[in-house]
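Participant:
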Amino acid sequence: MTARGLGEFEQLVLLAIAHLQKDAYGIPIVEEIERRTGRSVARAAVYITLRRLEEKGFVSSWMSEPIAERGGKGRRYAKLEAEGVKALRDARRAAERMWRGLDPASLRVK
Amino acid sequence: MTAALTPPRFARALLRVAVPSESRDAVEGDLHELYVGRRQHSPRVATSIWYWLEVLSLTMRFAPDRFMRVMRSLATGDALPSRLDLRLGVRMLAKSPGLALVGGFGMAVGVALSAGAYALFNSYFFPDIPLPEGDRIVAVGKFDALRRVENEQLLYDFTVWRRELKQVQDLGAFRTVTRNLAADAGVGESIIIAEMTASGFRVARVGPLLGRTLLDEDERFGASHVIVIGHDVWQARFGGDPSVIGREIHIGRAPHTIVGVMPQGFAFPVSHQYWIPLRIDPRTPIVPGMGPNLDVFGRLAPDASKASAQAELQMIASRLTAEGPKELAHLDSRIVDYTDVFINAEAEKESTMYAFLRFLIAFLLVVVAMNVAVLVYARTVTRSEEIAVRTALGATRGRIVTQLFAEAFVLSGLAAVAGLGMVAVGLNMLDQFMRDAGDAPFWIDSGLSLGTVLYALLLAVLGAVIVGIVPAMRATGSQLRFAMGSLGSGAKAKLGATWTTLIVAQVGITVAILPPAMLKGGQTVRMALQPQGFAQGEYLSANFFVARESQVNASESDARAAADSARVTITTLLARLANESGVVGATITSSAPWTGGRDPVEVEGVDAPALSTRTQWVDTSYFGLFDVRVLAGRRFAPNDGALSMADRPVIVNPSFVTEVLGGGDAIGRRVRYRAYGDETMPWHTIIGVVEEFPAGVRSSGAPSTRTMYHLTVPGEWDGATLTIRLRGQRPETFAPVLRQIAMSVDPMLQLSSVRSLDAKYRDYARSGARLALFVALISGSVLLLSSAGIHALVSFTVNQRRREIGIRTALGASARRILGSVLLRAARQLALGVGIGLLTAMLLDRLAGGELMNGIGLLLVPATAAFMLLVGLVAAAGPARRGLRVQPTEALRSE
Chain S
0 MTARGLGEFE QLVLLAIAHL QKDAYGIPIV EEIERRTGRS VARAAVYITL RRLEEKGFVS
60 SWMSEPIAER GGKGRRYAKL EAEGVKALRD ARRAAERMWR GLDPASLRVK
Chain P
0 MTAALTPPRF ARALLRVAVP SESRDAVEGD LHELYVGRRQ HSPRVATSIW YWLEVLSLTM
60 RFAPDRFMRV MRSLATGDAL PSRLDLRLGV RMLAKSPGLA LVGGFGMAVG VALSAGAYAL
120 FNSYFFPDIP LPEGDRIVAV GKFDALRRVE NEQLLYDFTV WRRELKQVQD LGAFRTVTRN
180 LAADAGVGES IIIAEMTASG FRVARVGPLL GRTLLDEDER FGASHVIVIG HDVWQARFGG
240 DPSVIGREIH IGRAPHTIVG VMPQGFAFPV SHQYWIPLRI DPRTPIVPGM GPNLDVFGRL
300 APDASKASAQ AELQMIASRL TAEGPKELAH LDSRIVDYTD VFINAEAEKE STMYAFLRFL
360 IAFLLVVVAM NVAVLVYART VTRSEEIAVR TALGATRGRI VTQLFAEAFV LSGLAAVAGL
420 GMVAVGLNML DQFMRDAGDA PFWIDSGLSL GTVLYALLLA VLGAVIVGIV PAMRATGSQL
480 RFAMGSLGSG AKAKLGATWT TLIVAQVGIT VAILPPAMLK GGQTVRMALQ PQGFAQGEYL
540 SANFFVARES QVNASESDAR AAADSARVTI TTLLARLANE SGVVGATITS SAPWTGGRDP
600 VEVEGVDAPA LSTRTQWVDT SYFGLFDVRV LAGRRFAPND GALSMADRPV IVNPSFVTEV
660 LGGGDAIGRR VRYRAYGDET MPWHTIIGVV EEFPAGVRSS GAPSTRTMYH LTVPGEWDGA
720 TLTIRLRGQR PETFAPVLRQ IAMSVDPMLQ LSSVRSLDAK YRDYARSGAR LALFVALISG
780 SVLLLSSAGI HALVSFTVNQ RRREIGIRTA LGASARRILG SVLLRAARQL ALGVGIGLLT
840 AMLLDRLAGG ELMNGIGLLL VPATAAFMLL VGLVAAAGPA RRGLRVQPTE ALRSE
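Chains as they are written, first to last, in numbering that gives the first Met the number 0: chain S, 0 to 109; chain P, 0 to 894.
#1: State the beta-bridge partners of GLU149(P) as determined by DSSP.
#2: Mind checking if ARG42(S) is an interface residue toward chain P, Cβ cutoff 8 Å exclusive?
#3: Give me the residue from ALA641(P), LEU630(P) and ASP606(P) with the minimum Cα distance to ASP618(P).
#4: Hey, is ASP24(P)'s beta-carbon within less than 8 Å of any beta-carbon in chain S?
#5: Would you check if the stretch 535-549 of chain P and the stretch 806-824 of chain P touch, i.e. whether three or more CB-CB distances between them fall below 8 Å?
#6: What residues in its chain sit with their C-beta under 6 Å from that of LEU494(P), if we drop five residues either side in the sequence?
#7: Please return the same chain residues whose Cβ sits closer than 8 Å to the Cβ of GLU149(P), not counting the five positions on each side in sequence.
#8: Give me the Cα-Cα distance between GLY487(P) and ILE789(P), rounded to the nearest whole angstrom.
#9: Touching or not, the stretch 281-299 of chain P and the stretch 156-172 of chain P, by the rule of three or more beta carbon pairs under 8 Å?
#10: Alpha carbon to alpha carbon, how far is LEU79(S) from ASP89(S)?
#11: Could you tell me the distance, in whole angstroms, from the CA atom of LEU783(P) to the CA atom of TYR454(P)?
#12: Please list, in chain order, the chain S residues whose beta carbon lies closer than 9 Å to that of VAL35(P).
#13: Can you check which of these residues, ARG754(P), ASP336(P) and LEU838(P), is closest to ASP127(P) by C-alpha distance?
#14: Of all the CB atoms in chain P, is at least one closer than 8 Å to the CB of ILE32(S)?
#15: Helix, strand or coil for TYR24(S)? Go by DSSP, reduced to three states.
#16: In whole angstroms, what is the alpha-carbon distance linking MET483(P) and ILE399(P)?
#17: Taking MET62(S) as the query, report the chain P residues whose CB atoms sit under 8 Å from its CB, ordered along the chain.
#18: Which same chain residues, not among the five before or five after PRO262(P), have their C-beta less than 7 Å away from its C-beta?
#19: Counting only Cβ pairs nearer than 7 Å, list the residues of chain P close to ILE26(S).
#20: Measure how close the beta-carbons of LEU859(P) and PRO514(P) come, nearest whole angstrom, since I'm counting them as under 8 Å.
#21: Given ASN542(P), which residues of its chain have a CB within under 6 Å of its CB, disregarding the five upstream and five downstream residues?
#22: Closest by CA to PHE544(P), which one among ILE136(P), GLY187(P) and PHE104(P)?
#23: The alpha helix (DSSP H) with PHE801(P) in it runs from where to where?
#24: What residues match up with ASP294(P) in a beta bridge as DSSP calls it?
#25: Roughly how many angstroms lie between the CA atoms of ALA387(P) and ILE16(S), to the nearest whole one?
#26: What does ARG114(S) reach in chain P if we use C-beta pairs closer than 7 Å?
#27: Please state the DSSP three-state secondary structure of TRP98(S).
#28: For a test of the three-state rule: what should DSSP assign to ARG201(P), helix, strand or coil?
#29: With DSSP as the reference, label ALA758(P) as helix, strand or coil.
#30: Out of ALA511(P), THR732(P), THR196(P) and LEU413(P), point me to the one whose CA is closest to ILE835(P)'s CA.
#31: For ALA93(S) and chain P, any beta-carbon pair shorter than 8 Å?
#32: From which residue to which residue does the beta strand (DSSP E) around TRP616(P) run?
#33: When the Cα of HIS872(P) is compared with those of GLY882(P), ALA825(P), TYR672(P) and VAL159(P), which residue comes out closest?
#34: State buried or exposed for ASP29(P), treating a residue as buried only when at least 16 other CB atoms are found within 10 Å of its CB.
#35: Mind listing, in chain order, the continuous alpha helix (DSSP H) runs of no fewer than 4 residues lying wholly within the stretch 713-769 of chain P?
#36: Quick check on DSSP: helix, strand or coil for ALA2(P)?
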């Protein structure tokens, strides 16, 4: 992973934000990844990754108004930034290039 | 209720500490939202556990990050541990799992003990009163310096203070009374009520949820009976009915009108849920030093301090002392923190048990810290070559020390988290226990506070400094030059005196402290395994109390009438029971057979210190009812009860005869309680010796079963323990019958804890077993750590001499002689430690008045010493034999 590149979990988080659009904050992001990948996700990993993605400029975030059911705390919503979209596309292209000429069904361990 | 939908407080506090500020609100909000969602379909306990697990997982993930930030903010530069250092630390731990496990476990126990003690002491001795400006609420009292107790007969003083004390506002007073609350089917339920002045609510500064609080008018003698109830009672008994105000409930003999409901959590003055006004009868004169026990409290005036209030109180006190009776002149009027009077802080802080516990915890910490340091130190020194290589490659001393600190911090940090987990579990159990008992003061908050978490973090850093930085500084100091000079030659650093001192101290401490801990554990285990010593399923036991419905300053004739009516009530109850079918007999005692009071007793004509003795008050039917055999003399007879209490004889048991009287014929000898000050205590003549009962049962804190029995006559006390022996029916089925009989005899006769005697004994034994488990856990971890520490120390020092052994072999010394000399040297160090340990143990035993070891414990000392010797010698033998296998030529070549 280069400084501009994406780790696998970062990709999952970015894609979850893309799917959720306006509803992307901690809880649904965790649920979205778990639902789509079928694996359990450490909540802390999502928060740490979100912060790292923000530091890289791939996402931006803002706090909502305080909500009573959340003990008076707001939600931190995340939004994909242009850099993030580009990074996702780059990652996808890189993966496709690597797959080119390979048949997933015919992969064997030699 | 919103309160029920709030996640556990301490988990939230931990979360706030663990999560960095920029994510904190979002994370906390998310967890709160999930918590509320889960609570809709899951029980509270399960949801709380889930929440705790989430918080702990988040804490573990954020902790390294958080710690790094703190360290970076303290200073910048490459001297601070990096993520890489921490990762390396984890790898080093994985490389030596034995060290990680033993060291980590030891440190976790150390942190748990220390942080647990910190949390308890803080919430017990320095609590925050959860009321507005709670720290300005004070108690006004009179301390009896002679007896080291609070004198609470304050009615007279209260009336004066209330009039004259200006530095304390809203001066109020309360006493706790119990009454039967009439429930359905003619069965009474005993409830605890605060009889309190209306000013109590002003002092607390908490308004009612419904209706009103008590008013000054309610205190007027003859006003109608009113009661304010607490939130929990309102919910449980009245289903949260909003129209409860104005309803009547029967308390004792009188109907009371409910005038207010207090909000949830309000339990001022201590743990109360019912409040009635404290009324003073204007017709009866109020006399200094007489009347019921009262607690007096108030709020410091806005510009007053505790010192200024004390000064004002002192002035009033001097005048009262001059006017008042001489026998009250030694009482000290004083203003103290509100909670201090309830915990009797002075006496507690001076008690030997408290001192022993503090000493034990401090000592255990020393042992734990020392052992872990030894383990890590031994390993660090073996790494001196690696350190030398890194230095040669250009690493600064700071870098290497930082690296070793980071390694240690990984260990101590994990240990701190595990230790905090143990504390949280322990405190939760304690909290539950106190809540079940229903008398936890409202200010006691034994949860995991932010302070406790920070304290544990501090311990982790401190631990990392001790086990990381200190050995690292040494390893990179003078020894480094030595190691660099001998790089590749296999030579290792020499330590000499330091190691000898460590070995001696290590063995000494273990030998000194482990036996008393094991002894205490052993005693409780024995107690838990002991059969109860009386026939099972035949006894029903209940605590009873005949309440007196009178104002606080009852006149003497009122009091006498009340006492008479109590006597009638108890004798009527006993007569009714005697006529019940299936009842063999009933007896009245001061407590359950296996407990009792403890008082120092001295013997006539013997010049020896008074011995603390278990005392019990029993009636004439007690020994017969429990089939206790008389070994000498006789039982109590009815005409003994006709004598005044001071003249009544006593009965003792065989351990009393041996330990207090020093053997011989006990009958006719005289004993008395040790006097305080210049009062004289009456002599009591021993008329009988009965067998040990219940056989072999000793309470966990008591060193002996020596017992002295006094005679009481039914009706003499308005509250005591009633035990009924049944035949042909189960205690459980007779319990409701007993309750009905009691209510029909007198509505003021309250029964509590109505259960079979074996059930009560089982609970008692179980609490002992829990204590034993705790002691075993701690002793076991100390022994494990000490053995590991000794093993590391001895094998390390012998390892240092491996080449020397090789050379001596090369020069023709016999293997046996070499092995002998190595073992002898190790044995000398170990023996010195054992000697010091023995002396310390004996000194401690003496300081504790012989109660620490109690004879048997002294047998454990040599056993522990032998074990430590064995571990040490085994540790020495391994490296010594390896040294013998070194080829002489190889040893000489490397020289």
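A virtual CB, placed ideally from N, CA and C, is assigned to each residue, including glycine.
Facilitator: In short:
#1: PHE142(P)
#2: yes
#3: ALA641(P)
#4: yes
#5: no
#6: Residue confidence for LEU494(P) is low, a pLDDT of 48 falling below 50, so the modelled location carries little weight and cannot support an answer.
#7: GLY140, LYS141, PHE142, ASP143, VAL340 and ASN343
#8: Reliability of the predicted coordinates at GLY487(P) is poor, the pLDDT of 39 falling under 50, and the value obtained from them is presented with this limitation in mind. Distance between the alpha carbons of GLY487(P) and ILE789(P) is about 29 Å.
#9: yes
#10: 15 Å
#11: 26 Å
#12: GLU68, ARG69 and GLY70
#13: ASP336(P)
#14: no
#15: coil
#16: Only weak support exists for where MET483(P) lies, its pLDDT of 45 falling under 50; the value from the coordinates is given anyway. Each residue's Cα considered, the two are about 15 Å apart.
#17: ASP24 and ALA25
#18: VAL205, LEU208 and HIS230
#19: ASP29, GLU32 and LEU33
#20: 4 Å
#21: THR720, SER751 and SER752
#22: GLY187(P)
#23: Contrary to the premise, residue 801(P) reads as Arg rather than Phe in this sequence. Where ARG801(P) is concerned, the enclosing alpha helix (DSSP H) stretches over 801-809.
#24: PHE173(P)
#25: 51 Å
#26: The structure shown does not extend to residue 114(S), since chain S spans only 0 to 109, so no value can be given for it.
#27: helix
#28: helix
#29: helix
#30: ALA511(P)
#31: no
#32: 610-617
#33: A small correction: the amino acid at residue 872(P) is Leu; His does not occupy that position in the sequence shown. Ranking the options by Cα distance to LEU872(P), first place goes to ALA825(P).
#34: buried
#35: 730-744
#36: In this prediction, ALA2(P) has a pLDDT of 48, which is less than 50 and means its spatial position is unreliable; what the coordinates show is noted afterwards. Helix, per DSSP.
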